[in-house]
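Structure first, then comments.
In structure tokens, the structure reads:
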């Protein structure tokens, strides 16, 4: 597996790999170890259908089924369509009315999300980039006193709080909403494979941080973001059709950028994997 470092060492560009045909245990292990070390892997020029995405991600994840407002690719219940496209007046996928700020997938649920993949099917000509911050490097970007402070703090997440802010809590059933209770986790956690400490969080899902109320917690995380999302600290991915991005939620944060939803079409396929229980 040949890997070239991306901007600011935030991830790795993988060349010479056809994700459709990866089957060898040794190659799978190399990819997984690289994912843990780099946090983000970019596989360009892939041709992947629903079965390919499902098979590839299932090699190192327990796949998460759809929930809530998500729409999936027909015949593939783990492949979620993220899109603003409508066919015959019906949305083919899910497109939040409001972009989610910097976050890591799955912070507000009990089962930790291991990896997420996004695959580019239809890409707008302008905008729609995805930004990434590496939690390993983020700690080093903080002043020493602040770095020491964050290592001592716990953060409480509320998935219901997030959905209310995004405006689609009412699209979930009572039974689905009932499964989401508040979750408290360390703000800085040690990666189970690399044993490196990583700072990752989801600012809009945060209900509180030790000793802080809701507004103080948001202000504190905003202060952290000023240090860790500087242009010299992040990687900006400008999408091309056929790009497959895979990232490790245990050490990565990301955020989308806007594009013209009214005049440009965008379609990505997403699969999320959970840590084995």
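In my numbering, the protein residues as written are 2 to 278.
Positions of the beta carbon are idealized from the N, C-alpha and C atoms, including for glycine.
Taking the straight line between their C-alpha atoms, what separation do you get for residue i and residue j?
{"i": "residue 221", "j": "residue 76", "result": "44 angstroms"}
{"i": "residue 80", "j": "residue 64", "result": "9 angstroms"}
{"i": "residue 205", "j": "residue 232", "result": "21 angstroms"}
{"i": "residue 215", "j": "residue 101", "result": "18 angstroms"}
{"i": "residue 113", "j": "residue 128", "result": "30 angstroms"}
{"i": "residue 219", "j": "residue 207", "result": "7 angstroms"}
{"i": "residue 35", "j": "residue 149", "result": "28 angstroms"}
{"i": "residue 225", "j": "residue 133", "result": "15 angstroms"}
{"i": "residue 38", "j": "residue 89", "result": "44 angstroms"}
{"i": "residue 61", "j": "residue 33", "result": "7 angstroms"}
{"i": "residue 230", "j": "residue 271", "result": "24 angstroms"}
{"i": "residue 24", "j": "residue 162", "result": "41 angstroms"}
{"i": "residue 239", "j": "residue 97", "result": "20 angstroms"}
{"i": "residue 15", "j": "residue 175", "result": "43 angstroms"}
{"i": "residue 41", "j": "residue 11", "result": "7 angstroms"}
{"i": "residue 91", "j": "residue 235", "result": "36 angstroms"}
{"i": "residue 190", "j": "residue 202", "result": "10 angstroms"}
{"i": "residue 104", "j": "residue 5", "result": "25 angstroms"}
{"i": "residue 245", "j": "residue 258", "result": "18 angstroms"}
{"i": "residue 198", "j": "residue 145", "result": "15 angstroms"}
{"i": "residue 165", "j": "residue 31", "result": "40 angstroms"}
{"i": "residue 186", "j": "residue 210", "result": "10 angstroms"}
{"i": "residue 213", "j": "residue 8", "result": "35 angstroms"}
{"i": "residue 228", "j": "residue 177", "result": "36 angstroms"}
{"i": "residue 20", "j": "residue 194", "result": "23 angstroms"}
{"i": "residue 69", "j": "residue 137", "result": "32 angstroms"}
Exposed or buried, residue i, counting other C-beta atoms within 10 Å across all chains shown (16 or more means buried)?
{"i": "residue 66", "result": "exposed"}
{"i": "residue 267", "result": "buried"}
{"i": "residue 126", "result": "exposed"}
{"i": "residue 223", "result": "exposed"}
{"i": "residue 242", "result": "exposed"}
{"i": "residue 139", "result": "buried"}
{"i": "residue 106", "result": "buried"}
{"i": "residue 263", "result": "exposed"}
{"i": "residue 13", "result": "buried"}
Provide the residue span of the beta strand (DSSP E) that contains residue i, from first to last.
{"i": "residue 146", "result": "Per DSSP, residue 146 belongs to no beta strand (DSSP E); it is in the alpha helix (DSSP H), 145-151."}
{"i": "residue 84", "result": "77-84"}
{"i": "residue 53", "result": "Not the beta strand (DSSP E): residue 53 falls in the alpha helix (DSSP H), residues 51-59."}
{"i": "residue 268", "result": "268-275"}
{"i": "residue 72", "result": "Note, residue 72: premise wrong, no beta strand (DSSP E); not H, not E."}
{"i": "residue 93", "result": "Per DSSP, residue 93 belongs to no beta strand (DSSP E) and is neither H nor E."}
{"i": "residue 3", "result": "3-6"}
From what residue to what residue does the alpha helix (DSSP H) around residue i run?
{"i": "residue 230", "result": "From DSSP, residue 230 is part of no alpha helix (DSSP H); its letter is neither H nor E."}
{"i": "residue 116", "result": "Run containing residue 116: none in the alpha helix (DSSP H); it sits in the beta strand (DSSP E), 114-123."}
{"i": "residue 142", "result": "136-142"}
{"i": "residue 155", "result": "Element bounds for residue 155: not the alpha helix (DSSP H) but the beta strand (DSSP E), 155-158."}
{"i": "residue 39", "result": "26-39"}
The stretch 239-257 in contact with the stretch 145-156 per 3-pair CB rule at 8 angstroms:
The stretch 145-156 and the stretch 239-257 do not touch, with fewer than three beta-carbon pairs separated by less than 8 angstroms.
Can we say the stretch 48-59 touches the stretch 115-122, given the rule of at least three CB pairs closer than 8 angstroms?
Taking a cut-off of 8 angstroms for Cβ pairs, the stretch 48-59 and the stretch 115-122 touch, as three or more such pairs fall below it.
Length at least 3, wholly inside the stretch 179-253: the beta strand (DSSP E) runs in chain order:
Listed in chain order, the beta strand (DSSP E) runs fully inside the stretch 179-253 are 184-187, 189-191, 198-200, 207-210, 235-238 and 245-249, counting runs of at least 3 residues.
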